[in-house]
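Asks: Can you read through this structure? Questions will come right after.
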């Protein structure tokens with residue numbers, strides 16, 4: 001549940017999706033961002049932590065190494081199967097963020113990383129977060145605003161069209177800018193928001209840019225000819241060590257009243 005596959009993908013997307021999640025977990029700044037989430041959650045020995053949209057289970061394992069009693073849920077059964085293979089000894093379950101299989105107040109910490117943009121009703125997920133958290137428990141929401149990918153390109157207007165076309169394929173492309181409001185609306189206190197920008201300049205990130213153009217063609221936002229020209233520009237930048245893609249990631253935290 002941690003990212004959104006390309007439009008038109010089906011059941012066979014999962015191995016590729018897991019590979020994408022692994023690459024994102026290795027991206028510059030990703031480990032520091034996860035560490036910051038554990039810090040904001042106040043993870044110590046014995047903290048009961050639930051990672052919602054856990055994907056391959058990396059955050060559950062990392063929190064467990066810090067002493068947390070960590071568990072993960074994801075709506076994708078094959079993701080949960082992968083998490084169990086990779087991190088035996090940790091608890092993983094198939095569940096929706098809006099219908100968690102836990103009693104009221106069962107958790108001290110709630111973490112949702114790259115999840116809420118996939119939900120048609122993120123407010124329902126926040127209601128569940130509040131329900132399963134004990135009073136004084138902490139919640140951390142992390143995600144990108146899909147309209148704010150920053151790329152260096154020759155044609156700025158075409159680039160904006162490409163970025164916005166890809167964003168429009170996401171269920172909730174702008175939910176990250178709502179994190180603070182969602183937490184406040186559901187009775188969280190001490191709400192704060194931080195931003196960390198992933199800056200990607202290595203040529204091996206080029207497929208992320210070309211994938212944006214391919215998605216824009218599928219939506220009809222640009223023509224194949226426009227995509228080819230834009231992609232050629234990006235390829236030339238990558239070949240000349242001039243590729244630049246920046247992705248601001250927002251982290252919001254709050255305390256359950």
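In the UniProt record's numbering, the protein residues as written are 1 to 257. Every residue, glycine too, gets a C-beta built ideally from N, C-alpha and C.
Roughly how many whole angstroms lie between the Cα atoms of residue 218 and residue 225?
Replies: In the chain shown, counting from the first residue as 1, residue 218 sits at position 218. In the chain shown, counting from the first residue as 1, residue 225 sits at position 225. Taking the straight line from one Cα to the other gives about 13 Å.
Asks: Measuring only the C-alpha atoms, how far is residue 20 from residue 56?
Replies: Position 20 of the chain shown holds residue 20. Position 56 of the chain shown holds residue 56. Their backbone Cα atoms lie some 11 Å apart in a straight line.
Asks: Kindly give me the distance between the Cβ atoms of residue 74 and residue 98, rounded to whole angstroms, as I take these residues to be in contact under 8 Å.
Replies: Locating residue 74 in the chain shown gives position 74, where the first residue counts as 1. Locating residue 98 in the chain shown gives position 98, where the first residue counts as 1. Their Cβ separation, rounded to whole angstroms, is 13 Å, which puts residue 74 and residue 98 out of contact at 8 Å.
Asks: Extract the residue ranges of the alpha helix (DSSP H) inside the stretch 95 to 123, only unbroken runs of 4 or more that lie entirely within it.
Replies: The stretch 95 to 123 contains no whole alpha helix (DSSP H) run of 4 or more residues.
Asks: So who's on the other strand from residue 128, going by DSSP bridges?
Replies: The residue labelled residue 128 in the question sits at position 128 within the chain shown. DSSP, once it has assigned bridges, lists no residue as partnering residue 128.
Asks: Measuring only the C-alpha atoms, how far is residue 51 from residue 129?
Replies: Stepping through the chain shown from its first residue, residue 51 is reached at position 51. Stepping through the chain shown from its first residue, residue 129 is reached at position 129. About 11 Å.
Asks: Enumerate in chain order the residues of its own chain whose CB-to-CB distance from residue 260 is below 7 Å, with the five nearest sequence positions on each side excluded.
Replies: Nothing about residue 260 can be read from this structure; the chain reaches only from 1 to 257.
Asks: How many Å lie between residue 133 and residue 235 at the Cα?
Replies: As a first step, residue 133 must be located in the chain shown, where it is residue number 133. As a first step, residue 235 must be located in the chain shown, where it is residue number 235. Answer to the nearest angstrom: the Cα atoms are 47 Å apart.
Asks: CB-CB under 6 Å to residue 41, same chain, minus the five flanking residues each way: which ones, in chain order?
Replies: Counting from one through the chain shown, the residue named residue 41 turns up at place 41. Taken in chain order, the residues that qualify are 109, 138 and 140.
Asks: Across the stretch 200 to 215 and the stretch 233 to 250, are there enough close Cβ pairs to call them in contact, namely three or more that are closer than 8 Å?
Replies: These segments touch.
Asks: Compute the Euclidean distance between the alpha carbons of residue 63 and residue 232, then round it to the nearest angstrom.
Replies: One-based indexing of the chain shown puts residue 63 at position 63. One-based indexing of the chain shown puts residue 232 at position 232. Those two C-alpha atoms are separated by around 42 Å.
Asks: Report the rounded CA-to-CA distance for residue 256 versus residue 158, giving the unit in angstroms.
Replies: Looking up residue 256 in the chain shown gives position 256. Looking up residue 158 in the chain shown gives position 158. The alpha-carbon atoms of residue 256 and residue 158 are separated by roughly 43 Å.
Asks: Of the choices 251, 211, 147 and 247, whose alpha-carbon is the least far from that of residue 182?
Replies: For the purposes of this step, residue 182 is taken as the residue at position 182 of the chain shown. The residue with the shortest Cα to Cα distance from residue 182 is 251.
Asks: Determine the DSSP secondary structure at residue 254, reduced to helix, strand or coil.
Replies: Numbered from 1 along the chain shown, position 254 holds the residue referred to as residue 254. Of the three classes helix, strand and coil, the one that applies to residue 254 here is strand, per DSSP.
Asks: Label residue 72 either buried or exposed according to how many other C-beta atoms from any shown protein chain fall within 10 Å of its C-beta, with 16 as the threshold for buried.
Replies: Taking the chain shown and counting its residues from 1, one reaches residue 72 at position 72. The residue in question, residue 72, is buried, as its Cβ has 16 or more Cβ neighbours within 10 Å.
Asks: Per the DSSP calculation, residue 50 is bridged to which residue(s)?
Replies: Taking the chain shown and counting its residues from 1, the one referred to as residue 50 is at position 50. According to DSSP, which records beta bridges pairwise, residue 50 is partnered with 71 and 110.
Asks: Among 78, 77 and 44, which has the Cα closest to the Cα of residue 260?
Replies: The structure shown does not extend to residue 260, since the chain spans only 1 to 257, so no value can be given for it.
Asks: What are the residues that DSSP puts in a beta bridge with residue 245?
Replies: Locating residue 245 in the chain shown gives position 245, where the first residue counts as 1. Paired residues: 151 and 200.
Asks: Which ranges does the beta strand (DSSP E) cover as unbroken runs of at least 3 residues, wholly within the stretch 220 to 244, from first to last along the chain?
Replies: Segments of the beta strand (DSSP E) lying fully in the stretch 220 to 244: there are none.
Asks: Give every residue of the same chain whose Cβ lies closer than 7 Å to the Cβ of residue 12, excluding the five residues on either side of it in the sequence, and list them in chain order.
Replies: In the chain shown, counting from the first residue as 1, residue 12 sits at position 12. In this prediction, residue 12 scores a pLDDT of 42, lower than 50, which makes its location untrustworthy; the coordinate-derived value is nonetheless stated afterwards. Excluding sequence neighbours, residue 12 sits near nothing in its chain.
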